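For the sequence shown, this note's numbering gives the first residue as 16, with consecutive numbering after it.
The structure appears right after this line, and notes come after that.
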Amino acid sequence: MKRPKNYSTKQSEAIFEYIASLGEQHVTANQITAHFESEDFPIGIATIYRHLEKYVQNGTVRKYNIDGASGACYQYLSAEHNCNQIHLKCEGCGAVLHLQCDILDSVPQHVYDEHAFQINPFKTVFYGKCSNCMD
Numbered sequence: 016m017k018r019p020k021n022y023s024t025k026q027s028e029a030i031f032e033y034i035a036s037l038g039e040q041h042v043t044a045n046q047i048t049a050h051f052e053s054e055d056f057p058i059g060i061a062t063i064y065r066h067l068e069k070y071v072q073n074g075t076v077r078k079y080n081i082d083g084a085s086g087a088c089y090q091y092l093s094a095e096h097n098c099n100q101i102h103l104k105c106e107g108c109g110a111v112l113h114l115q116c117d118i119l120d121s122v123p124q125h126v127y128d129e130h131a132f133q134i135n136p137f138k139t140v141f142y143g144k145c146s147n148c149m150d
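Written out as structure tokens, the structure is:
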């Protein structure tokens, strides 16, 4: 597991460990705040944002701004992580998921070769409803 550089505090370690424990799952700053409040270890939202930005800068966390309306999502990047994936956003609950599908791996190259357009997979989002919201 990659560790953030610079000095470390209890809060910094706790935030980093929590994000790392989520694997490829996305999380917002508000969700991180709620998690630590539920653990009786409250951390202020400004502190969370400050540490998230440090992790983004040193490459241990990736920041996604999916639709401009919701808050940014953050994802832990393991040493072997290679995220070049399209995302799914649920219009019901707001969940953001990676679309890991071999069929779509060739789509960006096809669009580039056949339509002279380069897709940015970090900003490509399909909107719909997740299985929980379809019920």
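Glycine residues also receive a C-beta, built at the ideal position from the N, C-alpha and C atoms.
Computed from a predicted model, the values in this text were never measured in an experiment.
According to DSSP, simplified to helix, strand and coil, what is residue i?
i	result
I81	coil
I63	helix
F132	coil
Q124	helix
Q90	strand
To which residues of the same chain is residue i closer than 7 Å at the C-beta, ignoring the five residues directly before and after it?
i	result
Y86	Correcting the residue identity first, residue 86 is Gly in this sequence and not Tyr. Counting only Cβ-Cβ distances below 7 Å, and skipping sequence neighbours, we find T43, A44 and N45.
What first and last residue would you give for the beta strand (DSSP E) that runs through residue i?
i	result
H41	Where H41 is concerned, there is no enclosing beta strand (DSSP E), given that its DSSP letter is neither H nor E.
K104	I101 to C105
Under DSSP, the alpha helix (DSSP H) around residue i begins and ends at which residues?
i	result
K25	K25 to S36
C148	S146 to M149
Which whole-angstrom value is the C-beta distance of residue i and residue j, which I expect to be below 8 Å?
i	j	result
S27	H66	5 Å
If you drop the 5 nearest sequence neighbours on each side, which residues of the same chain put their C-beta closer than 6 Å to that of residue i?
i	result
Y89	V42, L67, V76 and K78
TODO: Kindly confirm or deny that the region 103-120 and the region 138-145 touch, where touching means at least three C-beta pairs closer than 8 Å.
DONE: yes
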